[in-house]
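Novice: Let me give you the structure first, and then I'll get to my questions.
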DNA sequence: ACCTCCGAGTGAGGATTACTAACCTCGACC
DNA sequence: GGTCGAGGTTAGTAATCCTCACTCGGAGGT
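Protein chains in written order, with the working numbering: chain A, 1 to 237; chain B, 238 to 474.
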C-alpha cells in the first residue's frame, strides 16, 4: 500500500530527547568489563556491519531500524542496547572508520619532506580514499555534515584531529617560507577542504568520473599557483 | 567539463509561477485571465511563510507537518494539496528564493569589467547573501545538497543556471588571458564554490563569525594567487 | 549443588509522524 | 438552478523510532 520511497522520515520517538550525556556518546558500550580487552559482542558487530552493507545502495535516511535488525539477524531492540540512536549508530561506525583513515594518512605522510609535498600527498590521499571507499565518503560528506548534533559527536572529534594535522603542515610551510604568510592558515585549510569535498561531492552525486591522480595534479596546480594566468599583468587588481 | 549544465525536463509538479508581491496584500480584485497564472491561494502562501519562519530556529528534519500547519493556521492536509511532499515544499520555497538571488546576482554584475573583477564581485555577493539570509544558506547548504532527489528538483535547475553564469565568466577570463587556460573551467568553478560553501558552512554551523568584505578579499587573494609564497621562484613542481 | 548477578538478547507494544481518502463549502458560469 | 471545480477540512492509516519489562545462560561465590 505504501508507495513511499521517501527518505528522511522521522516519525516515532521524540526529536529532542536530551541525552543525559553531553558528549553525545553513550556509555552503555563501556561497562565494567572483566579486563581491558573485550571484543565487542557479536550482536553489536553484526549491527554495525549491517548498516555499512545497507549504506552501499541506500541513503541513511531511507534505511529503517527494522531493516538493519533484519539484515543483522537480531531484533530491533538490540540496536538500542548499544546505540542511543539510529544516528548514534551511524556516528560510531563513522568514527571508527575515520580513526582508521587518520592513522593511514599519518602513515602516508611519513618520509615526505616539505610542506607543499605533504599537502599534495594529503590531497591525493583524501581523493583516493573517497574514490575507493564510497560508503565512507557518503557517510561523511552527505549523511552527517548537515546535522547539528554531529558537531557534538565522536566523529567530529576525529575530524578535529584531521584539522590539527592539516594546520600543522600549513604552519610548517609558513615557517619555512613555502606558503604565504599573509593569510590565516585556517582559511587556507578551509579552501583546500572545500575544494576536495566539492569536487568529490559532484563526483558522488552526479556520477562524474574522476581519476584521483589526475585530479590531484590539477587541484594542486590550482591551489598552489592560483587561477590567474601568469605573465604580463594587464589589469592590476 | 562533464558538469556542463544540460537542460533537463522539468519535474512533473505544476508551477505557480507567481510574481512577487511587495505589499504583502493580495486582494483578488483582478479578474485574472482564466487560463493565465493567478496569484497563489492564501493557504499556500501561509504554508510557505510558515516553513520559512520555522526554519529560523529549527532544522528541516525536526519540523513536523503538524507544526507547519499550525503556524500557518491551516490544516495539515492542505499542505498536500499544494505540495507533493514535505520536501517538495522545501524545494519550491528554495527554488523561488534562488530565482530571486540569481536575478540579484546578475544585477550586481552589471557594469563590471573584467572576469577577475566579476569573480570578485560574485564571491562577495554569495558571502553577503549567506550572511544576510541565514535561512537561505542553511536550506541550500545543509538541508538539500545531501539528498538524492534534490538533483531532480526545481531548485537544482536554478543551481545549474548559476553554474552557467559562473562558467561564462570563467570562459571569458580565459579568452581575455586573465585566467589560466591550462585547467578545466568546471574544476575552477568547483574549487571556488567549494571554498565559499565550506567557509560559510563553518560559519553557520560553528557560529564562527566572519565579515563578508574581509573574507572576500582573503578568498580572492587565495584563489587568484594561490597559496604559494611568491618570491624567488626555484623549482616549478 | 544452589543462589545470585550480570550481560546478551527478545517480544510486545507506545508515541509520533508523514501522508491520504473522502467529504464539505462556496462562488462562478452557463 | 444546476454543475463544476478550487480552496479547505475531518478523520483517519500505515510506518517508523524507540522503550520497557522480560528471558536465557554462564561465571563465580558459598
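For every residue, glycine included, the Cβ atom is placed at its ideal position computed from N, Cα and C.
Quick check: the Cα distance between residue 350 of chain B and residue 357 of chain B, rounded to an integer number of angstroms?
Specialist: When rounded, the distance between both Cα atoms is 11 Å.
Novice: What's the C-alpha gap between residue 457 of chain B and residue 128 of chain A?
Specialist: For residue 457 of chain B and residue 128 of chain A, the distance between alpha carbons rounds to 28 Å.
Novice: Roughly how many whole angstroms lie between the Cα atoms of residue 384 of chain B and residue 176 of chain A?
Specialist: Computed Cα separation, rounded: 43 Å.
Novice: Does residue 98 of chain A get closer than 9 Å to chain B when you measure Cβ to Cβ?
Specialist: So, not an interface residue.
Novice: Between the alpha carbons of residue 280 of chain B and residue 315 of chain B, how many angstroms are there, rounded?
Specialist: Taking the straight line joining both Cα atoms gives about 8 Å.
Novice: For residue 304 of chain B and residue 194 of chain A, I'd like the C-alpha separation in whole angstroms.
Specialist: Taking the straight line joining both Cα atoms gives about 35 Å.
Novice: Taking contact to mean 3 or more Cβ pairs, one atom from each stretch, closer than 8 Å, check whether the segment 431-441 of chain B and the segment 373-391 of chain B are in contact.
Specialist: Contact between the segment 431-441 of chain B and the segment 373-391 of chain B is present, because at least three Cβ pairs lie under 8 Å.
Novice: With DSSP as the reference, please indicate the residues paired to residue 179 of chain A in a beta bridge.
Specialist: Residue 179 of chain A pairs with B:465.
Novice: Taking a contact to mean a Cβ-Cβ separation below 9 Å, would you say residue 425 of chain B touches residue 416 of chain B in this structure?
Specialist: Yes. Within cutoff.
Novice: Does the segment 315-329 of chain B come within contact of the segment 278-298 of chain B, defined as at least 3 CB pairs closer than 8 Å?
Specialist: In short, these stretches touch, since the Cβ pair count reaches three.
Novice: Can you pull out the residues from the segment 182-197 of chain A whose beta carbon lies closer than 7 Å to at least one beta carbon of chain B?
Specialist: Listed by position, the residues of the segment 182-197 of chain A near chain B (Cβ gap below 7 Å) are 183, 187, 188, 190, 191, 193, 194, 195 and 197.
Novice: What first and last residue would you give for the alpha helix (DSSP H) that runs through residue 375 of chain B?
Specialist: Unbroken alpha helix (DSSP H) run through residue 375 of chain B: 371-375.
Novice: Is residue 34 of chain A helix, strand or coil when you go by DSSP?
Specialist: Unreliable positioning characterises residue 34 of chain A in this predicted model, as indicated by a pLDDT of 37, which lies under 50. The coordinate reading is nonetheless provided below. Reduced to three states, the DSSP call for residue 34 of chain A is coil.
Novice: Under the three-state reduction of DSSP, which class applies to residue 144 of chain A: helix, strand or coil?
Specialist: Residue state, collapsed to three classes: helix.
Novice: So what does DSSP say about residue 204 of chain A, is it helix, strand or coil?
Specialist: Reduced to three states, the DSSP call for residue 204 of chain A is helix.
Novice: Starting from residue 330 of chain B, follow the alpha helix (DSSP H) in both directions and report where the run begins and ends.
Specialist: Its alpha helix (DSSP H) spans residues 323-346.
Novice: Pick out the complete alpha helix (DSSP H) segments inside the segment 289-313 of chain B, 4 residues or longer, and give them in chain order.
Specialist: Correct list: 302-309.
Novice: By how many angstroms is the C-alpha of residue 450 of chain B removed from the C-alpha of residue 186 of chain A?
Specialist: Whole-angstrom Cα-Cα distance: 17 Å.
Novice: Does chain B have any CB closer than 9 Å to the CB of residue 226 of chain A?
Specialist: So, interface residue.
Novice: For residue 446 of chain B, does the three-state DSSP call read helix, strand or coil?
Specialist: Coil, per DSSP.
Novice: Report the residues of the segment 104-125 of chain A with a CB closer than 7 Å to any CB of chain B, ordered along the chain.
Specialist: Listed by position, the residues of the segment 104-125 of chain A near chain B (Cβ gap below 7 Å) amount to none.
Novice: Pick from A:50, A:130 and A:102: whose alpha carbon is nearest that of residue 211 of chain A?
Specialist: Among A:50, A:130 and A:102, the Cα nearest to that of residue 211 of chain A is on A:130.
Novice: Using only alpha-carbon positions, find the residue among A:190, A:223 and A:170 that is nearest to residue 238 of chain A.
Specialist: With chain A represented from 1 up to 237, any question about residue 238 of chain A goes unanswered, as that position is not in the structure.
Novice: Could you tell me if residue 347 of chain B is buried or exposed, where buried requires 16 or more neighbouring beta carbons within 10 angstroms of its beta carbon?
Specialist: When all chains shown are included, residue 347 of chain B counts as exposed.
Novice: Is the beta carbon of residue 98 of chain A sitting closer than 9 Å to the one on residue 150 of chain A?
Specialist: No, the pair does not count as a contact, with Cβ atoms beyond the cut-off.
Novice: Identify the contact partners of residue 402 of chain B in chain A, using a Cβ-Cβ distance below 8 Å as the criterion.
Specialist: Under the 8 Å cutoff, chain A gives no residues; its nearest Cβ is about 17 Å from residue 402 of chain B.
Novice: Please compile the residues from chain A whose C-beta is within a distance smaller than 8 Å of the C-beta of residue 439 of chain B.
Specialist: By Cβ distance, chain A contributes 190.
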